[in-house]
Amino acid sequence: MDTPTLIWIIIGIIVVAIIIVVAVMVSRRNSAKRLEAQHAKAESLREDAHRSEMAAREREAEAAQARADSATAAAEAEQAKARAAQASIESERVAATIDDHQADAEKLRAEQADKLRKADEIDPAVTTNAAGGRVVGEDRAAPAGYTPAPGARERTDPADDRRIVRENPDAVAAERDAERADREAAAADRDAVRADSDVIRDENGNIRSEVRPTDRA
585 MDTPTLIWII IGIIVVAIII VVAVMVSRRN SAKRLEAQHA KAESLREDAH
635 RSEMAARERE AEAAQARADS ATAAAEAEQA KARAAQASIE SERVAATIDD
685 HQADAEKLRA EQADKLRKAD EIDPAVTTNA AGGRVVGEDR AAPAGYTPAP
735 GARERTDPAD DRRIVRENPD AVAAERDAER ADREAAAADR DAVRADSDVI
785 RDENGNIRSE VRPTDRA
């Protein structure tokens, strides 16, 4: 084998080696790009999966909140029904006691009127005027040695009076007006008695003379 042939063989081997090296490098580069593209695609898929998971969690949270709101609304509705039922029961109970309270009030007022009537019958200082009202006489009209009991005009217990006022204020106000009218009538009767005491009448009832303050002095 001559030298030129050997040189060409060597050159051919070198060229083939270079081609092989270039092919390997290109193949590796393409493989790296392909792997990189696959990795990028995988990352994109992972991101999509994460977004899908977050969306699913949000939907689940919204569904759970909706269920909780529905349960709360149902519970509030049940509580409202329970309160309405309790209020109805309480209203019926109070309505059932109205007649009892009214009957008790009427009984107490009857007892009060009976006690006042009996007290007026046994009290020597109490008479009645033309209208049938009570007239409390002055000390000069009472028997000798008679002293009116303290609080004679207040014959009812204060607690009973407050209870009666709360249960029947209109009747109590009417009674107070009647008592005020009785007191005014009693005052008018006393004034008439005083005026009549200043006049001297004969046996036929005719006025003979008037007693003046100077005559009394």
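Numbering of the sequence shown is given in this note's numbering, commencing with residue 585 and proceeding in unit increments. Backbone N, C-alpha and C fix where the C-beta goes; we use that ideal spot for every residue, glycine too. Small disclaimer: the values here were computed from a predicted structure and weren't measured.
Taken through DSSP and simplified to helix, strand or coil, residue 689 comes out as helix.
If you draw a straight line from the Cα of residue 772 to the Cα of residue 765, it comes to about 11 Å.
With a 10 Å radius around the Cβ and a threshold of 16 neighbouring Cβ atoms, residue 707 comes out buried. In this structure, the alpha-carbon of residue 596 lies about 41 Å from that of residue 624. Cα atoms of residue 695 and residue 657: separation of roughly 56 Å, rounded to the nearest angstrom. CA-to-CA, the gap between residue 605 and residue 635 works out to about 44 Å.
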